[in-house]
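Residue numbers (our numbering): 145 to 224.
Ideal Cβ positions, reconstructed from N, Cα and C, are used throughout, including at glycine.
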Amino acid sequence: MDLQTRKLNAIRYLINLQDEKIFRKIEATIDTFKSEKETELPHFTPKQLVDRAKRSNEEIMYPENLSHMINWSWNLKIGN
145 MDLQTRKLNA
155 IRYLINLQDE
165 KIFRKIEATI
175 DTFKSEKETE
185 LPHFTPKQLV
195 DRAKRSNEEI
205 MYPENLSHMI
215 NWSWNLKIGN
């Protein structure tokens, strides 16, 4: 059975469902799944990962370029 048919069968089941307790459980499962999806980390392409690694390496090799990050971090700590 393909995914679309399974989805339609699930919808038919929900339409005919009369048990409030079961429906609440289904809703809770959906809500849990949705909240987990919202907290997922962003997905990066291989190129983005390489670019981030190169940038990190440059920041390690040339720490003077990090002054903007240090200032930003300091501002967060003192509440500005």
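| Asked | Found |
| --- | --- |
| Residue span of the alpha helix (DSSP H) that contains GLU203, given as start and end | 190–205 |
| Reduced DSSP category for LEU161 - H, G, I as helix; E, B as strand; rest coil | coil |
| DSSP state of ASP146 mapped onto helix, strand, coil | coil |
| Backbone secondary structure at LEU152 - three-state DSSP | helix |
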